[in-house]
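Residue numbers (the UniProt record's numbering), protein chains in the order written: chain E, 1 to 380; chain Y, 1 to 380; chain X, 1 to 380; chain S, 1 to 380.
There are 4 protein chains.
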Amino acid sequence: MVLDVNETSEPLPALAQIPPDLRSLADYERHAPAHFTAEAWRHVQEGSGEGLTLRANRSAFAAYGFRPRALADLRGGGTAIDLFGRSHAAPLMLGPVAYQRLAHPDGEHAVVRAATALDTGMVVSTLSSVPLEEIAGTARAFARELGKDTPPLWFQLYLQPQREHSLELVRRAEAAGYEAIVLTIDAAIKPAGMTLPEGVSAVNLAGMPIPRQTAKPGGRIVLGTPLAEAAPRWEDLAWLAEATRLPILVKGMVLGEDARRVADMGAAGIVLSNHGGRVLDGLPSVLNVIEDVAEASQGLPLLVDGGFRCGTDIVKALALGAHSVLIGRPQMHALAVAGMPGVAHAIHLLRTELELAMAQLGCPTVGDLTRERLIDLPRM
Amino acid sequence: MVLDVNETSEPLPALAQIPPDLRSLADYERHAPAHFTAEAWRHVQEGSGEGLTLRANRSAFAAYGFRPRALADLRGGGTAIDLFGRSHAAPLMLGPVAYQRLAHPDGEHAVVRAATALDTGMVVSTLSSVPLEEIAGTARAFARELGKDTPPLWFQLYLQPQREHSLELVRRAEAAGYEAIVLTIDAAIKPAGMTLPEGVSAVNLAGMPIPRQTAKPGGRIVLGTPLAEAAPRWEDLAWLAEATRLPILVKGMVLGEDARRVADMGAAGIVLSNHGGRVLDGLPSVLNVIEDVAEASQGLPLLVDGGFRCGTDIVKALALGAHSVLIGRPQMHALAVAGMPGVAHAIHLLRTELELAMAQLGCPTVGDLTRERLIDLPRM
Amino acid sequence: MVLDVNETSEPLPALAQIPPDLRSLADYERHAPAHFTAEAWRHVQEGSGEGLTLRANRSAFAAYGFRPRALADLRGGGTAIDLFGRSHAAPLMLGPVAYQRLAHPDGEHAVVRAATALDTGMVVSTLSSVPLEEIAGTARAFARELGKDTPPLWFQLYLQPQREHSLELVRRAEAAGYEAIVLTIDAAIKPAGMTLPEGVSAVNLAGMPIPRQTAKPGGRIVLGTPLAEAAPRWEDLAWLAEATRLPILVKGMVLGEDARRVADMGAAGIVLSNHGGRVLDGLPSVLNVIEDVAEASQGLPLLVDGGFRCGTDIVKALALGAHSVLIGRPQMHALAVAGMPGVAHAIHLLRTELELAMAQLGCPTVGDLTRERLIDLPRM
Amino acid sequence: MVLDVNETSEPLPALAQIPPDLRSLADYERHAPAHFTAEAWRHVQEGSGEGLTLRANRSAFAAYGFRPRALADLRGGGTAIDLFGRSHAAPLMLGPVAYQRLAHPDGEHAVVRAATALDTGMVVSTLSSVPLEEIAGTARAFARELGKDTPPLWFQLYLQPQREHSLELVRRAEAAGYEAIVLTIDAAIKPAGMTLPEGVSAVNLAGMPIPRQTAKPGGRIVLGTPLAEAAPRWEDLAWLAEATRLPILVKGMVLGEDARRVADMGAAGIVLSNHGGRVLDGLPSVLNVIEDVAEASQGLPLLVDGGFRCGTDIVKALALGAHSVLIGRPQMHALAVAGMPGVAHAIHLLRTELELAMAQLGCPTVGDLTRERLIDLPRM
């Protein structure tokens, strides 16, 4: 993949004020490269391989159009949903994103404050650049300051080569008040990422061994190496389900058959994801498989991420069977461009667009967003 | 959406003469940005969201091609049609466009003079920047000067939060001699537009309350607010049908089922429209749904707008079942570039292209433009 | 349509030598704009409307691919075909092109010399810029000089408003030794072309009245005017068939039903054509309708033009049922860039490519180019 | 075809070190033009005609996506395959490429050393710019130096106009230790290539007559000339099968019917190829015909080339039925940019990507790469 990046100049600091031409998540994305080093921007933005999956995630939305209900009665509507006994202001959460201090010195502190201000749930990454306990602490303190409830906080788990380390992470998340575990199953095997700059690291894993790929010209690279030995297997999911009382969502599948098996093994929810096109290039777009996965999920909460950038995107996913949507890269774009206010603004823009789209569709509640509201659009 | 706009320089005034390289509506569109401020051009030109619907309106035309009748007898042909007992020189009207003084100081005065000179009907917007009575007066005076009939004038109505204000607008339109009411149902809920420059305003609504969206970070934005409460409902259409003797056309639907219900409620005509891609991004192109809506309209006059730019576009819409076509943005392009003569020229170009296309198709009358004259073209 | 043109500088004269980077007709087309005035280039190159048909003619070729015959025996092969009792060196002719002096001072003289040198038939236009008798004379003289036969010369006829003038053109063509009449039926109704420069005119029509469109703002433009009255009708074809003993080919249809009727009325051949996308924008590409027209033509010689630029294009048309192919605009490109040698070179390139393609397909003769040699290619 | 080439400046020498931004074969391809003369780059890179087949080879990969197996057990996996009794480290070979000294002074010496270092087989071209015996000698010497086995070396054969010369090439290959003959059948008839620079020539053919096309304006060009007489026929394959004990693979077909006939005649393997889009423009992409050819090949080893640039490309070909993949142009790109280390790096990158893709798919062995692992992706 070739990206336009800010190769030469110093990255700009986050703006002190949000300029009036930032009116959509796409606007943030356009402004973002100037606020990153070239290497960090590539890390945030690139897809794997040739970017087929990355682009498919976006282009899939254009295949669906809307069948509005004319002159509908919109009185009494709203966007709230319930998940695991908690009310969410809208079918929208902040998905797990590694190393948010790459975008802004405040990193996850800024993001969780924005989430708190906007009553929006956040899934904290195993690879957060602020310790998971501190993130939860910031949320609680800021909620108190604002006089509102702490938003739902979930912890995203990468299984570690040794189970004791995985268990340690789970216990810490439980102790810090996280309300669910999101187990990611699709990223154990991927190329090493960027070299992290001074001051940014996987602080939650301090002291744990990091598995490395052993690439030797002419020799085995992945298969047949310790890396392949350590890749998570179905038995690891069974083990984890025994190891914690928190609800477990399994993240990183695109096939109904896998969702079914996950559901049968007692998972509490499914996160349909191709990892934003960052792992295996050629996975189908998430939008194209929601219906299949939703049918196989047997009623479990189904969340989805990958390419969501505007309110109509969310409507399409919900109409196809998802219960909520996660955004990933847009957090980093908004955080780099305008810090905590940028992230809050981005969430607000999405929710504004969502409400407008629902109203224009004649759908006052999330439950009105059914498959009949969609049509296939011809390819342009 | 990202548009090329005239960000820095002063907008050019309208040209005193029409240069020879303005030979199509597309030429006017290419020249237009230099005659607008950046903000006004965005207001005129942008679609909502990512512009899916805006682009679909145009690209849909390329899906249809022609089956001409070779060596046909063209004698005695013509383009005239009848609507509501009035003869129209061609199946073409000027659709409702807000704030035409954004394009030219003469605004609606210039446009209605062009319409009068070319015997072309005009639908005046609730949001006209010249009072509706003055527009009608200008038409009558100019028609007298030219020794011809006043062209058909219709009034486009946005329902106001209070029925008394809607009724006041209808009564004023009746009194000013407007011959039909075009009730727009698809734009009650949309983001606030641009800040209008000095001297341009919704003069017809002077003194009436303007509903505003209440956007509060973290709170409800549309649904559950007074804005949603005030959105028009089916009962409002019933009320309006009782309130006036003028024929009512209902504008802003894309589904046959809505057209059927509108027809059943006694509307006199249908205006198939997705609001030029300005409201809900993801609505289907108008061309793709004409056949469905035409079948459901039970013979009512069916007008359509959205992306019409040349004579063959009109032929395609008519062959699919529309009775006439409205143009919107091209009025603003031609008005800004060359004032009243520009608008007259644009209408003339369209009609020239329409007659040429009909002749080349071997179709001397509008009635010859049937579905058999079209073929599907492969996507390029 | 927007074209890149040579707006400011003087057109270059034809090159004295053919540079080595001219290796295809596409290369000539890329070099050509610099050798025309902007207005002449637009006249040569533009399609009508938005250029849908112009582009479709080209893009249609990409929909067909090849099924070669491996390790075929190529001995004894060749490209010759017979038409109306004459042998053509290849299934390729120079189609009728108006005003060739726009491209080069020698105009049709240069083109017919190239045709003669390459044993390639030429269809001379009613709108030639050199008198039809002189063109035939140049061909005969140059053939004598080269010691070969005069190539097949046909005359393309536009019916004139009065039959006596049409008849006069036919009689002159007969007297000058033209071997067939190609009656064009699809261009009677089209917008007036460019203003011809000094020294370029429709010399064959000197003294005859030129029909003009009567475009009056607000009035009728084509339909209901004398122009529409004079458009050719089926009865004119019947009249012409009686008026000459020369074989008549009818040019300018894209539908099988028209080809069938033309065949039933005694025409000797069909020229499938959408006038190179210059008349009604939206006609299907010629490649997409060859099979339909070939089936309806009842075995009559079927020629086709529109977008042919390389040898594989010709193979595709023949495999779909055409008997020969005409090129139009490439004559003007090559003529402007390199005069008579350029046109000869362009013909030679096409024939080289045709022979290579046939050999690579394992098809030693034109008769081997059947439908089974083609496959559908997926759209890219 | 129009290519961006390095028209003016001197080609850069190969880099002494591989810079860190060379992370994929596409990166090498982007850097390569600066390391070639314009003419050599065109020779390497261009497709025939308009490049339909060249582009189709690449774009076909985007039509297939993946169905991964979640949480699969990857232990004990690997990429090794067997062909003709020899183990290959991965399903990947270096295909025959003419004149490698166009890319680098060391030419085939450098390439075969890279192949040896990476345990990768190489098919040496009849048109190699280093004698076939020297290439084999270099491989043996370098293998000894590295303490490993010589990689599989095969010889690609173009039949010569006289059988004695073809036989001489085969005998030399046998004597030099080549383990198979790859008979190319699709390139006998193609335009003469570039003028070779000083010091680069078809050294294996020194002293043998070179067939030339006889192109005479107006005359026959291929068909009916000695060139067509000398094109290979089925009887030549039969003759060759008698003439050598080495296994014969037949290269250059895209149809199952040809593969079947080749198999019936006793060939030992099939190389599905459209010659990288360099011969007949319009041949289908190789990916689109693998399944057809695989079914017809009756279990013979099936290799394929044409457009392979990354690990997921290889996975797709194998899942559709190929046994191994050849790369062509990427050798030249890497060789020009960074010499022998560049070629070794390119092979290593491909194998890294292949292993990652297999692991991410949940497929620990090549045998797991079956058709069920693929899905159709919608066109973007």
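Glycine residues also receive a C-beta, built at the ideal position from the N, C-alpha and C atoms.
Identify which residue in the options has its Cα closest to the Cα of residue i.
i: E108 (chain S); options: S:Q298, S:E39, S:L272 and S:Q331; result: S:Q331
i: L169 (chain Y); options: Y:P341, Y:A241 and Y:L132; result: Y:L132
i: L159 (chain S); options: S:L196, S:F142 and S:E229; result: S:E229
i: P105 (chain Y); options: Y:K316, Y:A188, Y:S129 and Y:L255; result: Y:S129
i: G177 (chain E); options: E:D305, E:R245, E:G224 and E:P11; result: E:R245
i: P341 (chain E); options: E:G199, E:L15 and E:P151; result: E:L15
i: V289 (chain E); options: E:L303, E:L92 and E:P247; result: E:L303
i: S273 (chain E); options: E:T138, E:V325, E:R233 and E:S48; result: E:V325
i: G78 (chain S); options: E:E39, E:A34, E:L223 and E:L354; result: E:L223
Using a 10 Å radius around the Cβ and a threshold of 16 neighbouring Cβ atoms, would you call residue i buried or exposed?
i: T116 (chain S); result: buried
i: P226 (chain S); result: exposed
i: D21 (chain X); result: exposed
i: T370 (chain X); result: exposed
i: S9 (chain E); result: exposed
i: E372 (chain E); result: exposed
i: D264 (chain E); result: exposed
i: D186 (chain X); result: buried
i: E50 (chain X); result: buried
i: L3 (chain Y); result: exposed
Does residue i come within less than 8 Å of chain E when only Cβ atoms are used?
i: S59 (chain Y); result: yes
i: G193 (chain Y); result: no
i: F142 (chain S); result: no
Find out if the Cβ-Cβ distance for the pair residue i, residue j is shorter than 8 Å.
i: A62 (chain X); j: L356 (chain X); result: no
i: L94 (chain Y); j: I327 (chain Y); result: yes
i: G282 (chain Y); j: F308 (chain E); result: no
i: L54 (chain S); j: G276 (chain S); result: yes
i: A344 (chain E); j: A114 (chain E); result: yes
i: V203 (chain X); j: Q156 (chain X); result: no
Does the CB of residue i have a neighbour CB from chain S at under 8 Å?
i: V222 (chain E); result: yes
i: R163 (chain X); result: no
i: L356 (chain X); result: yes
i: P152 (chain X); result: no
Compare the C-beta of residue i against all C-beta atoms of chain Y and say whether one is closer than 8 Å.
i: V279 (chain X); result: yes
i: Q360 (chain E); result: yes
i: G78 (chain E); result: yes
i: G95 (chain X); result: no
i: P284 (chain X); result: yes
Compare the C-beta of residue i with all C-beta atoms of chain X and state if any pair is closer than 8 Å.
i: L374 (chain S); result: no
i: D313 (chain S); result: no
i: G51 (chain S); result: no
i: I185 (chain S); result: yes
*Meets three-Cβ-pair contact criterion under 8 Å: the stretch 113-126 of chain Y and the stretch 86-94 of chain Y*: yes
*Please confirm if the stretch 333-351 of chain Y is in contact with the stretch 320-328 of chain X, defined as three or more CB-CB distances below 8 Å between the two stretches.*
no
*Counting pairs of Cβ atoms below 8 Å between the stretch 286-297 of chain Y and the stretch 254-263 of chain Y, do you hit three or more?*
yes
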